[in-house]
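Just remember that this note's numbering sits 5 ahead of the position in the sequence shown, which is counted from 1.
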Amino acid sequence: MPTPTSTSPTAAPSAPLPAFAATAAKLRDTVLASSQAFDIVRSLSDEAGHRLAGSPGNRAAVAWALRMLPQYGLQNVRAEKAMAPHWERGPASAAITAPHPHSLAVLALGGSVATPKGGIEAEVIEAASVEAIGKLDKAAVKGKIVYVSTVTERAKDGSGYGKAAGARVQSASAAAKLGAVAVVIRSIGTDNNRLPHTGGMRYEDGVPKIPAAALSIPDAELLGRLLRTGKPVRLRLELAAKTHGEVEAPNVVGEVVGRSAPDEVILLGAHIDSWDVGTGAIDDGAGCATIIEAARQILKLPERPRRTVRIVLFNNEENGLGGARAYAKTHENELGKHIVALESDFGAGRVWSARYLGAPASRKLFLSITELLGPLGVEVPEIDARGGADLIPLRPAGVPIVDLLPDGTTYFDYHHTDNDTLDKINKDELDQAAAAFATFAYAAAEMAGDFGRVPDDKRAFR
Ligand SMILES: [Zn+2]
6 MPTPTSTSPT AAPSAPLPAF AATAAKLRDT VLASSQAFDI VRSLSDEAGH RLAGSPGNRA
66 AVAWALRMLP QYGLQNVRAE KAMAPHWERG PASAAITAPH PHSLAVLALG GSVATPKGGI
126 EAEVIEAASV EAIGKLDKAA VKGKIVYVST VTERAKDGSG YGKAAGARVQ SASAAAKLGA
186 VAVVIRSIGT DNNRLPHTGG MRYEDGVPKI PAAALSIPDA ELLGRLLRTG KPVRLRLELA
246 AKTHGEVEAP NVVGEVVGRS APDEVILLGA HIDSWDVGTG AIDDGAGCAT IIEAARQILK
306 LPERPRRTVR IVLFNNEENG LGGARAYAKT HENELGKHIV ALESDFGAGR VWSARYLGAP
366 ASRKLFLSIT ELLGPLGVEV PEIDARGGAD LIPLRPAGVP IVDLLPDGTT YFDYHHTDND
426 TLDKINKDEL DQAAAAFATF AYAAAEMAGD FGRVPDDKRA FR
């Protein structure tokens with residue numbers, strides 16, 4: 006067994022390893038040797054398939070979790086009510102009609118309205134970003150389709166996505182304010198496949214709702230080249246999306262009940278819904294498998310940890326966060342006893358970085374337990390944890406957040422596309438992530454002391 010060594014480049018002299026460290030180290034190595042995480046994500050993604058809230062796949066996934074979690078040994082397994090919007094994409098088509106005809110690979114953005122039957126045909130005007138749309142002349146935009154050409158940079162920590170995603174979320178209303186009839190965006194992704202990336206968008210109140218779609222990156226680049234010739238470029242877009250009312254899309258919760266402080270909770274989150282393309286293996290079947298496997302392995306220890314490890318499979322992360330909001334509301338009175346929350350929603354890569362957001366005075370405690378992750382190759386930079394989207398509703402209560410960040414270098418090649426399938430997952434990398442989550446969760450559930458609360462000025466999600 007390798008001796009845990011300091012991995013912090015910032016390297017305050019760490020506290021001595023706590024008494025439970027030997028058990029935690031053994032757990033870590035046991036997960037690496039015997040993880041079933043890959044089999045769990047195979048089962049979920051093969052059996053339920055894609056699973057947007059309101060779809061048959063979403064109901065199948067909830068049923069899967071209610072059936073499988075008890076089989077994995079989890080306690081108190083239950084569905085908790087949550088509501089979600091129900092949107093169906095229907096067929097989509099797009100083509101450049103002038104100056105040279107090309108059919109384009111396109112997907113509606115999630116939540117988009119339909120075009121009229123037969124589609125919309127109009128001249129195209131380009132903007133490099135949401136801000137650039139705002140600077141266009143109203144007369145130049147009126148009656149046109151706006152093409153938003155924001156490029157997503159590849160980054161191990163996913164920061165390129167954070168900078169680009171606004172183009173997907175906000176472009177439709179920004180363009181509609183100037184009289185545009187539709188928007189198409191360059192997919193928010195880092196690949197060069199002819200597969201568009203869908204994802205959520207939002208309409209501003211009081212602004213006309215216009216259809217919004219994503220083009221595959223090669224198709225978007227073709228459109229951009231034709232626009233740069235200076236000749237008028239025309240596009241035809243047809244979307245048949247439908248918005249229904251709200252539907253029930255429950256969260257599924259399961260626990261390793263703490264042996265002596267069961268009301269103190271270590272929350273491990275992931276989301277059980279997915280976009281309605283691919284099979285949601287990476288986003289977020291892998292995250293579900295990571296936390297389920299972590300809990301399954303903790304349950305096999307000779308004794309359960311002091312505190313409760315609660316896994317929450319949030320519903321409706323992708324198109325509304327209805328599950329996350331329902332969890333925060335349902336458990337409002339317990340949030341003061343949520344010791345820390347972690348979310349696995351950034352693919353199936355190897356965990357390389359551990360980040361902390363809690364009381365500054367407890368950072369030393371965090372550093373001492375991340376020593377246990379050293380043999381997994383995890384760095385501990387002095388960067389605040391950001392948390393996943395499902396943890397946003399917990400932030401006002403100051404629940405401490407820890408990120409165990411997977412390597413996301415290739416995540417946005419597949420994210421929200423038909424290419425998000427099981428074959429993209431490397432079993433060894435997923436097993437390492439499960440080992441990291443199990444080790445940290447166990448240590449946090451067993452440690453003396455806690456991480457306090459997030460300071461007020463750091464509770465907002467940025
Ligand atoms: Zn996700």
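The beta carbon of each residue, even a glycine, is placed where N, CA and C say it ideally should be.
Beta carbon of residue i, beta carbon of residue j: below 8 Å?
i      : j      : result
ALA440 : VAL186 : no
ALA110 : ARG230 : no
HIS202 : THR422 : yes
GLY148 : GLU243 : no
GLY354 : GLU434 : yes
LEU112 : ALA97  : yes
VAL257 : ALA100 : no
ALA225 : SER154 : yes
GLY457 : ALA366 : yes
May I ask whether a heavy atom of ligand 1 can be found less than 7 Å away from the beta carbon of residue i?
i      : result
ASP289 : yes
HIS276 : yes
ASP408 : no
ASP389 : no
ASP412 : no
GLU348 : no
GLU322 : yes
Assuming residue i contacts residue j (C-beta within less than 8 Å), just tell me the rounded distance between them.
i      : j      : result
GLY204 : ARG241 : Contact doesn't hold; Cβ gap of about 23 Å is too wide.
VAL314 : LEU273 : 7 Å
LEU32  : GLN437 : 14 Å between Cβ atoms; not a contact.
ARG464 : PRO401 : 6 Å
THR102 : GLU128 : At roughly 10 Å, the Cβ-Cβ gap does not stay under 8 Å, so THR102 and GLU128 are not in contact.
ALA89  : ASN324 : 7 Å
HIS107 : LEU304 : At roughly 55 Å, the Cβ-Cβ gap does not stay under 8 Å, so HIS107 and LEU304 are not in contact.
VAL270 : ARG309 : At roughly 14 Å, the Cβ-Cβ gap does not stay under 8 Å, so VAL270 and ARG309 are not in contact.
VAL356 : LEU410 : 7 Å
Have a look at the DSSP bridge pairing and note the partners of residue i.
i      : result
HIS276 : PHE319
ILE130 : VAL151
MET73  : None, per the DSSP bridge assignment.
SER98  : GLU243
LEU362 : ILE406
ILE190 : VAL153 and ALA219
VAL314 : VAL261 and ILE271
GLY115 : GLY205
DSSP state of residue i, grouped into three classes?
i      : result
GLU308 : coil
GLN175 : helix
LEU409 : strand
ILE125 : strand
GLU387 : coil
LYS247 : strand
ASP268 : strand
ILE430 : coil
VAL257 : strand
SER13  : Note that SER13 scores a pLDDT of 43, beneath 50, so its modelled location is shaky; the value from the coordinates is reported in the next line. Here SER13 sits in coil by DSSP.
PRO7   : Residue placement at PRO7 cannot be trusted, given a pLDDT of 39 that sits under 50; what the coordinates show is reported in the next sentence. It is coil, neither helix nor strand.
PRO90  : strand
GLY205 : strand
GLN41  : coil
GLY454 : coil
ASN324 : coil
Under a CB-based cut-off of 8 Å, is residue i close to chain B?
i     : result
LYS31 : Given the protein chain composition of this structure (a single chain), no chain B is represented.
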